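Undergrad: Quick one: the structure is below, and I'll ask about it shortly.
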Amino acid sequence: MKDVRPVPAAVPEMASCWDLLQRRRKKRRLSFGCGCEALDALLGGGLSPEGITEISGRAGCGKTQICLQLLVQAQLPEEQGGLGGRAI
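Under the numbering used here, think of the first position of the sequence shown as -14, with each following residue one higher.
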């Protein structure tokens, strides 16, 4: 008969939204810039690298251009406001 070992819990420990916010604030960076000061200001400092951002709008309004700019920004070194190529 094989030894049965307890399986670690797949669900992380419970945490309130406040706790999650505090943990996130302790991390190095909450957002990274888009390369456009006006857009960064509108977004409250930039986009979160830990989440999903939906960009929507009518045809021809620049959605693809913003996405391409974000791809370039993510590849820039951290000293230049990028993510140092650590983006998927």
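For every residue, glycine included, the Cβ atom is placed at its ideal position computed from N, Cα and C.
Remember, it's a predicted structure, so these values are computed and weren't measured experimentally.
1. According to the Cβ coordinates, are Pro18 and Gly36 closer than 8 Å?
2. Roughly how many angstroms separate the alpha carbons of Gln50 and Gly20, rounded to a whole number?
3. Find the nearest neighbour of Gln58 within the set Gly42, Ser33, Arg9, judged by alpha-carbon distance.
4. If I follow the unbroken alpha helix (DSSP H) through Leu24, where does it start and stop?
5. Let's test the definition: count the other Cβ atoms within 10 Å of the Cβ of Leu27 and tell me whether it reaches 16, buried, or not, exposed.
6. How far does the alpha helix (DSSP H) with Ile51 in it reach, from first residue to last?
7. On the three-state DSSP scale, how would you describe Leu6?
8. Which residues in the same chain have their Cβ closer than 6 Å to the Cβ of Glu63, if we skip the five residues on either side of it in sequence?
TA: The answer reads as follows:
1. Note that residue 18 corresponds to Gly in the displayed sequence, not to Pro. No, the pair does not count as a contact, with Cβ atoms beyond the cut-off.
2. Spanning the alpha carbons of Gln50 and Gly20 requires a straight line of approximately 12 Å.
3. Ser33
4. For Leu24, the enclosing alpha helix (DSSP H) starts and ends at 22 to 27.
5. exposed
6. Note, Ile51: alpha helix (DSSP H), 48 to 60.
7. helix
8. Gly69
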